[in-house]
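To start, the structure itself, in structure tokens.
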Amino acid sequence: MAVKWTGGHSSSILCLNANKDGLVASGGEGGDLVAWGEDGTPLGHMQLEGADDVTSVLFSASCPTKLYASHGETISVLDVRSLKGSLDHFHVNEEEINCLSLNETESLLASADDSGAIKILDLEKKKVTRSLKRHSNICSSVAFRPQRPQSLVSCGLDMQVMLWSLQKARPVWITNLQEDETEETEGPQTPGRLLNPALAHSVSVASCGNIFSCGAEDGKVRIFRVMGVKCERELGFKGHTLGVSQVCFLPESSLLLT
1 MAVKWTGGHS
11 SSILCLNANK
21 DGLVASGGEG
31 GDLVAWGEDG
41 TPLGHMQLEG
51 ADDVTSVLFS
61 ASCPTKLYAS
71 HGETISVLDV
81 RSLKGSLDHF
91 HVNEEEINCL
101 SLNETESLLA
111 SADDSGAIKI
121 LDLEKKKVTR
131 SLKRHSNICS
141 SVAFRPQRPQ
151 SLVSCGLDMQ
161 VMLWSLQKAR
171 PVWITNLQED
181 ETEETEGPQT
191 PGRLLNPALA
201 HSVSVASCGN
211 IFSCGAEDGK
221 VRIFRVMGVK
231 CERELGFKGH
241 TLGVSQVCFL
251 PESSLLLT
């Protein structure tokens with residue numbers, strides 16, 4: 001059963017995240033950020049400095065009241081119990097940030113931006129330790145792999161999906177979704193139908209750390225398996241008639257939300 005939560009935002013909601021206690025954070029246009037109780041009651045509201053769109057919100061797993069929020073080129077660290085100001089903030093990206101990801105030890109925070117760069121922020125030293133640049137267009141999504149704190153996956157509007165090693169500071173595997181189209185095992189296309197390019201919007205890694213999914217503009221969801229330093233595509237399926245903007249493996253589960 002679907003329930004509608006209202007009373008928090010006056011404009012478009014751009015991102016959501018939930019913590020293990022059932023609290024939800026939502027980010028919207030113009031710097032709007034709202035914290036919600038698990039019953040849908042707005043618990044707090046704030047306008048982030050600069051009024052840039054809030055593009056990503058991410059709860060800490062080890063400290064469920066700590067929230068990371070990206071707005072413009074800035075990352076703010078907040079306490080959802082008191083949304084009156086930021087505990088800390090970092091300006092590490094040169095263009096608008098699209099996605100944040102914490103590694104499992106919560107020592108590193110990755111931020112992917114419009115320039116195609118991924119900045120790796122050491123949260124203890126409070127400085128950038130790696131700048132990963134291989135995407136030739138907007139890097140739309142980044143995700144650390146569970147159980148592998150030095151490895152992450154990214155995707156972008158260059159239609160590329162990459163597996164990165166932080167020790168090497170470079171991708172160890174790259175695939176182009178458009179070039180892989182010939183390997184699709186889909187049924188016949190509807191005659192006269194225009195196919196959207198496979199711009200990659202979102203990646204999510206399952207709890208095992210070896211399976212990840214990618215959602216793209218062509219409406220397809222692709223599932224990959226990491227095999228050492230390479231990946232193999234396990235599945236490709238289509239349930240959406242428009243682009244897939246988000247994919248999310250549920251924690252400790254093989255269920256995938258798209």
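Numbering (UniProt numbering), first residue to last: 1 to 258. Ideal Cβ positions, reconstructed from N, Cα and C, are used throughout, including at glycine.
Measuring alpha carbon to alpha carbon, tell me which residue in A117, L132, S107 is nearest K125. S107
Starting from N93, trace the beta strand (DSSP E) both ways and give me its first and last residue. Premise fails: N93 is in no beta strand (DSSP E) and is neither H nor E.
Through-space distance from A112 to A206, alpha-carbon basis: 20 Å
Quick one: give me the first and last residue of the beta strand (DSSP E) that M46 is part of. 42-47
Determine the extent of the beta strand (DSSP E) in which K198 is found, giving its start and end residues. Position check: residue 198 holds Ala in this sequence, whereas Lys was assumed. Premise fails: A198 is in no beta strand (DSSP E) and is neither H nor E.
Give the straight-line distance between the Cα atoms of G85 and L48, rounded to the nearest whole angstrom. 8 Å
Can you give me the start and stop residues for the beta strand (DSSP E) that L250 sits inside? Premise fails: L250 is in no beta strand (DSSP E) and is neither H nor E.
How long is the line joining the alpha carbons of N17 and S202, rounded to whole angstroms? 15 Å
Give me the Cα-Cα distance between S10 and A35, rounded to the nearest whole angstrom. 14 Å
Judging by CA-CA distance, which residue of I97, M1, A25, M227 is the nearest neighbour of G72? I97
Just checking my contact of L132 with F144 at CB under 8 Å: how many whole Å lie between their CB atoms? Not quite, the Cβ-Cβ distance comes to about 12 Å (not below 8 Å), so this is no contact.
Is the beta carbon of V172 within less than 7 Å of some heavy atom of the ligand ZN? Ligands displayed in this structure: none; no statement on the ligand ZN is therefore possible.
Give a yes or no on whether the C-beta atoms belonging to V172 and C214 are separated by under 8 Å. no
Considering just the uninterrupted stretch of the beta strand (DSSP E) at C155, what are its terminal residues? 148-156
By Cβ distance below 6 Å, which residues in the same chain neighbour T185 in space, the five residues on each side in sequence not counted? Reliability of the predicted coordinates at T185 is poor, the pLDDT of 43 falling under 50, and no value is obtained from them.
Identify the residues that DSSP records as bridge partners of Q160: which are they? N176
If you measure between the beta carbons of L166 and Q150, is that distance less than 8 Å? yes
Going straight from the alpha carbon of R170 to that of D114, what length do you get? 18 Å
I211 bridges to which residues according to DSSP? R225
Could you name the residues of the same chain whose beta carbon sits closer than 7 Å to that of L199, not counting the 5 residues immediately before and after it, in chain order? L157, M159, A216, E217
On the three-state DSSP scale, how would you describe E217? coil
Round the Cβ separation of V77 and K66 to the nearest angstrom and send it over; I've been treating them as touching at under 8 Å. 7 Å
Determine the contact status of N137 and A117, defining contact as a CB-CB distance below 8 Å. no
Same chain only: Cβ atoms within 6 Å of G209, ignoring 5 sequence neighbours per side: R145, P146, Q147, R148
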